[in-house]
Amino acid sequence: MTVSAGGARPVLPEGGSSSLADGAWHRMHPLTPLFKGGLVLVVVVGIVIANMRDRLIYLAVGLFGPEDVRGMDVDSDDPVSWAIDWTVGHGLVAAAIAAVFGVVVLVVAGYWAVWRFHQFRITGENVEVRKGMIFRSQRRAPLDRVQGVNLTRPFPARLLGMAKLTLEGAGSGADVALEFLATARAEQVRADILRLASGARRARDEARQGEPGADPGIARAVSEGVTHLIEGVDRDDVVPESVVRIPVGRLIGSQAITGAVWLVFFLVLIGAFVVAPILVFEDGPGKWLILAGAAIGSGLPILFATIAVVGSALQKGFRYQIAPTPDGVRVSNGLLTTVTRTIPPGRVHAVEISQSILWRPFGWWTVRINRLGGTSASQQNSSGAQAAAIVLPVGTRADVDRVLALLVPDAPERDAAMTWEDGVEGPREADPFTTVAPRGVVWHPIQRRRLGVRVTAFAVLLRRGRLVRRLAIFPLARLQGVSLRQGPLARAARLSGLRVHVVPGPISGSLSALDRDDALRLAEVVTRGALAAAAADHSHRWAAEQQTA
-12 MTVSAGGARP VLPEGGSSSL ADGAWHRMHP LTPLFKGGLV LVVVVGIVIA NMRDRLIYLA
48 VGLFGPEDVR GMDVDSDDPV SWAIDWTVGH GLVAAAIAAV FGVVVLVVAG YWAVWRFHQF
108 RITGENVEVR KGMIFRSQRR APLDRVQGVN LTRPFPARLL GMAKLTLEGA GSGADVALEF
168 LATARAEQVR ADILRLASGA RRARDEARQG EPGADPGIAR AVSEGVTHLI EGVDRDDVVP
228 ESVVRIPVGR LIGSQAITGA VWLVFFLVLI GAFVVAPILV FEDGPGKWLI LAGAAIGSGL
288 PILFATIAVV GSALQKGFRY QIAPTPDGVR VSNGLLTTVT RTIPPGRVHA VEISQSILWR
348 PFGWWTVRIN RLGGTSASQQ NSSGAQAAAI VLPVGTRADV DRVLALLVPD APERDAAMTW
408 EDGVEGPREA DPFTTVAPRG VVWHPIQRRR LGVRVTAFAV LLRRGRLVRR LAIFPLARLQ
468 GVSLRQGPLA RAARLSGLRV HVVPGPISGS LSALDRDDAL RLAEVVTRGA LAAAAADHSH
528 RWAAEQQTA
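In the numbering used here, the protein residues as written are -12 to 536.
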């Protein structure tokens, strides 16, 4: 990995690099200010048109039947029409046109200034973004702290052939966004950032096509955006060798089962706390009218909420693809708004396989992960963060095996049986997991035999759940620490809780009510294994390893 004499200009591997990763400041796509502020313009135009409805109807009728509008009075109480009439009556039409022209010029100049002062650059050490004229701000993302690069295409941006890049940093509020770039440029910039973050900077091909930093024409970008919208996920962003594809029927079926269960649950609540009291305590001719009104008033919001939740889950699962790339695991999904996440090697801190009891007859599973990002511990519990942690919405056992091979490629094959037969589906007779002590049944009366922990040479395996089977895999090289905890009651019963510490996320690494001696032994084994694994781990320099190979 090399850096030019100035220390700022990165030198990338040959092939596939963009002219934007040269250490110089570049501007975003020219349509970025219009897209980000376009909603305000739409609202303003909508208000003006709404206020001019009478005059617009008069003009429309006049186009097709001029004789019908002769002598028609178009007095209107809306302020826009009143202003037009007042301007015409006082002979100020020219001044009004000049004023409107001046406002248009100011708006265009404002958008141009916003675009001109919104810049970014990619150096050998950082990705920096600066913007603002009066109040200026500058954000910097160190490349060695980049945990992933997400490429998002909101529906309007896809029509214009634009995409947003988000660099996930190591820390709360550390994310840096490049919004927006042309889709092709965004793909190239993402590849450059990932290569620089991996530690591989080599001399790059000097032959460049086109003007440095130039975006494709707006008309061409819009045409490509519409084409990609019709065809599906953008072709430049999809790796053909996707290891998993989710059939639409399976996706709809999995969410329909979940939605139906929640709907039944809420209907039972309505029946118990709304319908039943009315039937018991209400009397008179209006009883059934009150009952119908209460049922509709409380049932419709729940129905709409259920449809919204299921619809959101379906939207995130459509066009799902997961595939290996030289720079990490790439996950793409979305119907209207498409999201592409690239997870570099060594950034996965925990993996969890789970299966709801409702999915058990169909053999469906889901996989989610913990990885370091720019969100706080409290933000990790939000619905958006929970959804972003899912890397396999619904899949078969074979699909899960393929996904695990991408997320934890260093896992030895001998752990496979322990992962499934003893871990996810266990316990069996000769259970290799250390389970909750018999005297800890007070803490876990239902799933005492199911709860268990196992330490291998590669990872800590944590098993839990009866209604929802869960197996969490914590690679030893990614562990931040291990701790034991005892309350007064657990101390009296010679019990202890064990917790392996990883980055914040939906996957927890804690287990309580273990025998104290077992917990001490496991903590010692985890400590020694984590130190040895961290010393031997080089996955964060993945491109350097590829070059050596």
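Ideal Cβ placement from N, Cα and C applies to all residues, glycine included.
Check: So, L183 versus L130, is the Cβ gap smaller than 8 Å?
Finding: yes
Next item on the list: Look at F22 and L147 and say whether their C-beta atoms are less than 8 Å apart.
Entry: A contact, by the Cβ cut-off of 8 Å.
Check: Which of the three DSSP states, helix, strand or coil, is assigned to R515?
Finding: helix
Note to self: Please report the distance separating the alpha-carbon of E412 from that of L438.
What the structure shows: 12 Å
Checklist line | Three-way DSSP call (helix, strand, coil) for I494 in this model | finding: coil
Next item on the list: Note down, in chain order, each residue of its chain lying with its Cβ closer than 7 Å to the Cβ of A11, except the 5 sequence neighbours on either side.
Entry: R108
Check: Do the segment 417 to 437 and the segment 478 to 497 touch if we need at least three Cβ pairs shorter than 8 Å?
Finding: Yes, the segment 417 to 437 touches the segment 478 to 497.
Next item on the list: Given a cut-off of 8 Å, decide if G156 and R132 are closer than it, judged by their beta-carbon atoms.
Entry: yes
Note to self: What does the alpha-carbon distance come out to for the pair A520 and P396?
What the structure shows: 14 Å
Notebook entry, point to check: Which class does F107 belong to by DSSP, given the choice of helix, strand or coil?
Noted result: Here F107 sits in strand by DSSP.
Checklist line | Reference R349; option with closest CA among R384, T325, I356 | finding: According to the sequence as given, residue 349 is Phe; it is not Arg. Of the listed residues, the one whose Cα sits closest to F349 is R384.
Check: Pick from P20, I84, G78: whose alpha carbon is nearest that of V95?
Finding: P20
Margin query: the ligand ATP and A506: does the residue's C-beta get closer than 7 Å to at least one heavy atom of that ligand?
Written below: Here there are no bound small molecules, and the ligand ATP is not part of this structure.
Notebook entry, point to check: Looking at the structure shown, is I575 part of a helix, part of a strand, or coil, going by DSSP?
Noted result: Shown here, the chain extends from -12 to 536; a query on residue 575 therefore has no answer.
Note to self: Measuring straight from C-alpha to C-alpha, what distance separates T406 and L448?
What the structure shows: Approximately 8 Å, taken between the alpha carbons.
Next item on the list: Mind checking which residues open and close the alpha helix (DSSP H) that includes W249?
Entry: 235 to 257
Notebook entry, point to check: CB T312 to CB S319, shorter than 8 Å?
Noted result: Result no, Cβ atoms of T312 and S319 do not sit closer than 8 Å.
Notebook entry, point to check: Can the beta-carbon of A310 be found closer than 8 Å to that of V230?
Noted result: yes
Margin query: Strictly by DSSP, which residues pair up with E155?
Written below: G135
Notebook entry, point to check: Who are the Cβ neighbours of I277 in its own chain at under 8 Å, not counting the five residues just before and after it?
Noted result: I265, E269
Check: Run through DSSP, which three-state label would D386 get?
Finding: helix
Checklist line | Residue from P414, I84, R172, V30 with nearest C-alpha to R451 | finding: P414
Notebook entry, point to check: The alpha helix (DSSP H) with I265 in it runs from where to where?
Noted result: 263 to 268
Checklist line | Residues that H13 bridges to, as DSSP identifies them | finding: F107
Margin query: Along the chain, where does the alpha helix (DSSP H) containing L476 start, and where does it finish?
Written below: 475 to 479
Next item on the list: Answer with buried or exposed for E408, where buried requires no fewer than 16 other C-beta atoms within 10 angstroms of its C-beta.
Entry: The residue is exposed, with fewer than 16 neighbouring Cβ atoms inside 10 Å.
Notebook entry, point to check: Is it right to say K274 is buried, meaning 16 or more other beta carbons lie within 10 angstroms of its own, or is it exposed?
Noted result: exposed
Note to self: Per the DSSP calculation, K118 is bridged to which residue(s)?
What the structure shows: S124
Checklist line | DSSP-derived helix/strand/coil call for F461 | finding: In the structure shown, F461 sits in a strand (DSSP, three-state: E or B).
Checklist line | Bridge partners - T170, DSSP secondary structure assignment | finding: According to DSSP, T170 bridges with nothing at all.
Notebook entry, point to check: From this set, V316, S497, S499, T139, which residue's C-alpha is nearest L393's C-alpha?
Noted result: Nearest in C-alpha terms to L393, of all of V316, S497, S499, T139, is V316.
Notebook entry, point to check: Whose C-beta lies closer than 7 Å to the C-beta of I377 among residues of the same chain, with five residues either side of it excluded?
Noted result: T353, R355
Item checked: Cβ neighbour criterion (16 or more within 10 Å) applied to A8 -> buried
Note to self: What would DSSP say about Q467, mapped onto helix, strand or coil?
What the structure shows: In the structure shown, Q467 sits in coil (DSSP, three-state: anything other than H, G, I, E or B).
Notebook entry, point to check: Tell me the DSSP bridge mates of Q434?
Noted result: According to DSSP, Q434 bridges with nothing at all.
Checklist line | Range of the contiguous alpha helix (DSSP H) that encloses P143 | finding: 142 to 146
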